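Visitor: A single structure is presented below for examination.
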Amino acid sequence: MMSIKAIDLDYTYGPGTAFEHHVLKHVNFEIQDGEFVGLIGHTGSGKSTLIQHLNGLIKADSGDILYHGTSIYSEGYKLRELRGRVGLVFQYPEHQLFEADVFSDVCFGPKNLGCSEEETKKRARHALSLVGMDESFYGRSPFELSGGQKRRVAIAGVLAMRPEMMILDEPTAGLDPRGRDEILNQIERLNRQHGLTILLVSHSMEDVARYVDRIMVMNHGEKVFDGPPKEVFLHYRELESMGLAAPQITYVVQGLRERGIPIDDSITTVEEARDAILSLLCTSKPHRD
Amino acid sequence: MNIIKAVNLVYDYIKRDEEDRIEEVKRAIDHVDLEIEKGSFVAVLGHNGSGKSTLAKHLNGILLPTEGTIWVSGLDTSDEEALWEVRKTAGMVFQNPDNQIIGNVVEEDVGFGPENIGVPTEEIWRRVDESLEKVGMAMYRKRSPNRLSGGQKQRVAIAGVMAMKPQCIVLDEPTAMLDPNGRKEVIRTVHDLNRAEGITVILITHYMEEVIGADRVIVMEGGSVVMDGTPREIFSSVERLKEWRLDVPQVTELAFELKKKGVALPDGILTREELIEALVPLLEHGMKGMNDVNKSN
Numbered sequence: 001m002m003s004i005k006a007i008d009l010d011y012t013y014g015p016g017t018a019f020e021h022h023v024l025k026h027v028n029f030e031i032q033d034g035e036f037v038g039l040i041g042h043t044g045s046g047k048s049t050l051i052q053h054l055n056g057l058i059k060a061d062s063g064d065i066l067y068h069g070t071s072i073y074s075e076g077y078k079l080r081e082l083r084g085r086v087g088l089v090f091q092y093p094e095h096q097l098f099e100a101d102v103f104s105d106v107c108f109g110p111k112n113l114g115c116s117e118e119e120t121k122k123r124a125r126h127a128l129s130l131v132g133m134d135e136s137f138y139g140r141s142p143f144e145l146s147g148g149q150k151r152r153v154a155i156a157g158v159l160a161m162r163p164e165m166m167i168l169d170e171p172t173a174g175l176d177p178r179g180r181d182e183i184l185n186q187i188e189r190l191n192r193q194h195g196l197t198i199l200l201v202s203h204s205m206e207d208v209a210r211y212v213d214r215i216m217v218m219n220h221g222e223k224v225f226d227g228p229p230k231e232v233f234l235h236y237r238e239l240e241s242m243g244l245a246a247p248q249i250t251y252v253v254q255g256l257r258e259r260g261i262p263i264d265d266s267i268t269t270v271e272e273a274r275d276a277i278l279s280l281l282c283t284s285k286p287h288r289d
Numbered sequence: 001m002n003i004i005k006a007v008n009l010v011y012d013y014i015k016r017d018e019e020d021r022i023e024e025v026k027r028a029i030d031h032v033d034l035e036i037e038k039g040s041f042v043a044v045l046g047h048n049g050s051g052k053s054t055l056a057k058h059l060n061g062i063l064l065p066t067e068g069t070i071w072v073s074g075l076d077t078s079d080e081e082a083l084w085e086v087r088k089t090a091g092m093v094f095q096n097p098d099n100q101i102i103g104n105v106v107e108e109d110v111g112f113g114p115e116n117i118g119v120p121t122e123e124i125w126r127r128v129d130e131s132l133e134k135v136g137m138a139m140y141r142k143r144s145p146n147r148l149s150g151g152q153k154q155r156v157a158i159a160g161v162m163a164m165k166p167q168c169i170v171l172d173e174p175t176a177m178l179d180p181n182g183r184k185e186v187i188r189t190v191h192d193l194n195r196a197e198g199i200t201v202i203l204i205t206h207y208m209e210e211v212i213g214a215d216r217v218i219v220m221e222g223g224s225v226v227m228d229g230t231p232r233e234i235f236s237s238v239e240r241l242k243e244w245r246l247d248v249p250q251v252t253e254l255a256f257e258l259k260k261k262g263v264a265l266p267d268g269i270l271t272r273e274e275l276i277e278a279l280v281p282l283l284e285h286g287m288k289g290m291n292d293v294n295k296s297n
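Going down the list, the protein sequences come from chains A and B.
The working numbering puts the first sequence at residues 1 to 289.
The working numbering puts the second sequence at residues 1 to 297.
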């Protein structure tokens with residue numbers, strides 16, 4: 001089943017001005033329902049522009065976006081409804097918290113979509129429970145919360161719109177390691193248990209390697225790689241030339257291979273490397289009981 | 001010689017109601033004693049809310065201690081007369097480059113600090129030239145800061161601090177908003193300044209990889225210093241770090257995981273070269289490596 005499809009998207013920022021910049025160059029991809037996709041690329045590679053196309057905040061100069069088979073540029077298409085179905089969590093979303101308490105803030109989205117008061121409250125409660133915020137937080141001011149908690153409230157605000165797909169632009173920037181793991185585990189749970197389609201923009205190759213099924217790499221407005229992390233990170237030298245990198249573990253594995261150790265070159269996580277090294281140590285021992 | 005010395009440092013955030021009555025007191029720094037050697041590169045780790053940013057803001061008098069004293073290059077930051085001198089001695093760079101750049105042109109931005117303290121014009125330009133040179137941004141001097149990448153903007157911010165001729169730079173998560181390349185640029189720049197200019201660097205970060213090159217690592221938790229040592233010493237205690245809600249570099253974590261399974265590796269492996277060097281002989285003579293393990297079991 002198909003969820004969202006970008007066909008030949010092309011976009012130029014500020015055409016005819018001194019700031020003219022060809023941001024997206026004929027970008028094509030398809031994201032299926034329930035997929036967990038990572039989007040990487042250095043600053044200015046076009047990834048932020050791309051995600052703003054996906055819920056109609058920016059309109060492409062040419063090309064098309066099909067959502068469940070229907071062009072979002074077709075006449076009479078309800079973009080407002082699309083924005084409820086494709087939720088976008090911007091960078092530093094906690095800067096957009098503005099209500100006096102956590103619960104009201106999360107209610108804002110569904111209320112705005114025209115939900116009844118009862119439905120709004122139901123959705124807000126559900127969304128807050130999905131991000132692990134219990135009732136003791138409902139009456140608190142968003143400003144009293146920690147960075148990680150604020151961000152979870154902001155994500156709940158998008159979840160309360162009941163999106164089918166969620167796009168998150170660097171949701172872990174500025175969080176400490178534990179806060180980062182909490183947010184990513186919650187996003188993973190939304191994907192695995194609730195079937196939410198996820199597009200995660202990240203600068204952390206380690207996070208991407210650990211969580212996503214598939215990676216798309218943007219460079220100078222073009223999609224240059226698209227595949228499972230294991231395949232994409234094999235191109236680590238090309239990624240480096242684009243200002244990116246592979247996870248640190250990939251480099252350890254490559255270093256071992258250069259020294260003649262026959263370890264699988266598609267390893268990207270600590271757990272995989274540990275298991276592969278242990279099994280190499282065991283197989284090279286003639287009689288192990 | 002110490003450039004920074006804190007004795008019994010305490011800081012309370014005090015929340016007051018409308019009638020100015022104290023509503024809540026939150027202790028952010030709890031009796032910290034600390035000395036930082038001139039010319040050293042010190043990394044500060046700690047989860048959000050551990051007190052590290054509050055500590056950093058004491059190093060150039062943005063915050064003044066509730067109790068105790070902090071001296072920067074021998075000057076008591078609580079002494080109002082000394083405040084300008086303290087700020088000139090210890091410059092700060094913050095997380096968001098867009099909040100610290102004010103000039104329309106790179107060179108104007110860098111010259112803002114010295115101009116503000118009345119440095120003669122000729123001397124300002126000399127300092128601008130020098131500072132931009134030191135952070136590798138000289139060729140961008142006529143550019144608009146808005147058109148620079150995040151890493152370049154942070155280097156301009158660092159040049160702005162350097163133009164004040166500080167002895168010490170305090171960076172509060174300077175790479176949190178940057179992509180991997182920008183992060184490398186900024187970290188390389190501060191290491192260069194530390195090595196070539198002898199500038200004392202205090203780097204607050206969440207990225208464990210950025211800590212590896214430091215002379216010393218301080219871990220904060222609940223307003224106190226809970227660990228203090230070389231990167232190798234600190235990263236040898238993987239489990240303690242995890243207790244403090246911190247992480248270790250992936251290379252260190254892999255070494256730790258392998259050791260847990262009985263592989264004979266040294267403690268505190270920090271770089272991938274070290275790990276590869278240690279692993280290759282074990283993998284080449286797998287039998288020997290595992291025999292040692294069986295003995296220790």
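Using N, Cα and C, we set each Cβ at its ideal position, and we do this for glycine too.
Please read all numbers here as calculations on a predicted model, not as lab measurements.
Please go through the segment 117-179 of chain A and give each complete beta strand (DSSP E) segment of 3 or more residues, from N-terminal end onward.
Guide: 165-169
Visitor: Less than 8 angstroms separating the beta-carbons of B/G160 and B/G113?
Guide: yes
Visitor: Report all residues from its chain with a CB closer than 6 angstroms to the CB of A/F300; omit the five preceding and five following residues, and keep chain order.
Guide: Past the edges of chain A, shown from 1 to 289, lies residue 300 of chain A, and the structure says nothing about it.
Visitor: Please report the Cβ distance between A/R80 and A/N55, rounded to the nearest whole angstrom; I am assuming they are in contact, meaning their Cβ atoms lie under 8 angstroms.
Guide: Not confirmed; about 10 angstroms, so no contact.
Visitor: Thinking C-beta only, is B/I199 closer than 8 angstroms to B/L193?
Guide: yes
Visitor: Looking at A/S204 and A/T172, is the spacing between their C-beta atoms short of 8 angstroms?
Guide: yes
Visitor: Work out the CA separation of A/A60 and A/I167 for me, nearest whole Å.
Guide: 18 angstroms
Visitor: Can you tell which of B/V248, B/R272 and B/E243 has its C-alpha closest to the C-alpha of A/G255?
Guide: B/R272
Visitor: Residues in its own chain within less than 7 angstroms of A/H235 by CB, not counting five upstream and five downstream?
Guide: The residues are F225.
Visitor: Is B/Q250 close to chain A? Criterion is C-beta to C-beta, closer than 8 angstroms.
Guide: Flagged as an interface residue toward chain A: B/Q250, by a C-beta distance shorter than 8 angstroms.
Visitor: Chain A partners of B/D109, CB-CB under 8 angstroms?
Guide: Within chain A, no residue comes near B/D109; the closest Cβ sits about 19 angstroms away, beyond 8 angstroms.
Visitor: In the DSSP assignment, the alpha helix (DSSP H) including B/R328 goes from what residue to what residue?
Guide: Because chain B here runs from 1 to 297, residue 328 of chain B falls outside it and cannot be looked at.
Visitor: What residue from A/H22, A/Y92, A/I65 and A/F29 has the CA that sits closest to A/G46's CA?
Guide: A/H22
Visitor: Ordered along the chain, which non-local residues of its own chain (more than five positions away) have a Cβ less than 6 angstroms from that of B/E67?
Guide: V10
Visitor: At least one CB of chain A closer than 8 angstroms to the CB of B/H47: is that the case?
Guide: yes
Visitor: Mapping DSSP to helix, strand and coil, what is A/Y236?
Guide: helix
Visitor: From which residue to which residue does the alpha helix (DSSP H) around A/N28 run?
Guide: Where A/N28 is concerned, there is no enclosing alpha helix (DSSP H), although the beta strand (DSSP E) it sits in stretches over H21 to Q32.
Visitor: For A/Q91 and B/V280, what's the separation of their Cα atoms in angstroms?
Guide: Cα-Cα distance, rounded: 42 angstroms.
Visitor: With 8 angstroms set as the bound, which would you pick, yes or no: does the beta-carbon of B/N181 sit closer than that to a beta-carbon of chain A?
Guide: yes
Visitor: Span of the alpha helix (DSSP H) holding B/A56?
Guide: K52 to H58
Visitor: For the segment 122-136 of chain B against the segment 157-171 of chain B, do three or more pairs of beta-carbon atoms, one drawn from each stretch, fall closer than 8 angstroms, so that the two count as touching?
Guide: yes
Visitor: Straight-line CA distance for B/G268 to B/D215?
Guide: 15 angstroms
Visitor: Count the other C-beta atoms from every protein chain shown that fall within 10 angstroms of the C-beta of B/M139, then say buried if there are 16 or more, exposed otherwise.
Guide: For B/M139, the number of other beta carbons within 10 angstroms of its own is below 16, and it is reported as exposed.
Visitor: Tell me where the beta strand (DSSP E) around B/M227 begins and ends.
Guide: S224 to G229
Visitor: To test your reading of the DSSP string, which unbroken alpha helix (DSSP H) runs of 4 or more residues are found completely within the segment 114-180 of chain B?
Guide: 121-134 and 150-162
Visitor: Just the Cα atoms here: how many angstroms apart are A/R152 and A/V131?
Guide: 6 angstroms
Visitor: How should A/A18 be labelled, buried or exposed, when 16 other C-beta atoms within 10 angstroms of its C-beta is the threshold for buried?
Guide: By the 10 Å Cβ count, A/A18 comes out exposed.
Visitor: For A/G14, which residues in chain B fall below 7 angstroms Cβ to Cβ?
Guide: Residues of chain B passing the Cβ test: none, with the nearest at roughly 13 angstroms.
Visitor: Using only the alpha-carbon positions, how far apart do B/F94 and A/F137 sit?
Guide: Rounded to the nearest angstrom, the two C-alpha atoms are 30 angstroms apart.
Visitor: Give me the residue from B/H285, B/V263, B/E274 and B/L258 with the minimum Cα distance to A/N272.
Guide: Looking at the sequence itself, residue 272 of chain A is Glu, so the reference to Asn does not match. Nearest of B/H285, B/V263, B/E274 and B/L258 to A/E272, Cα basis: B/L258.
Visitor: DSSP on B/E24, reduced to helix/strand/coil?
Guide: Here B/E24 sits in strand by DSSP.
Visitor: Under 8 angstroms between C-beta atoms, does B/V32 make it to chain A?
Guide: no
Visitor: Give the residues of chain C in contact with A/A273, contact being defined as C-beta atoms less than 8 angstroms apart.
Guide: This model lacks chain C altogether, as its protein chains are A and B.
Visitor: Relative to the C-alpha of A/L39, which residue among A/A245, A/G147 and A/V217 is closest?
Guide: A/V217
Visitor: What does A/R259 reach in chain B if we use C-beta pairs closer than 8 angstroms?
Guide: I276 and V280
Visitor: Let's see if you can read the secondary structure: which residues bound the beta strand (DSSP E) around B/L45?
Guide: F41 to L45
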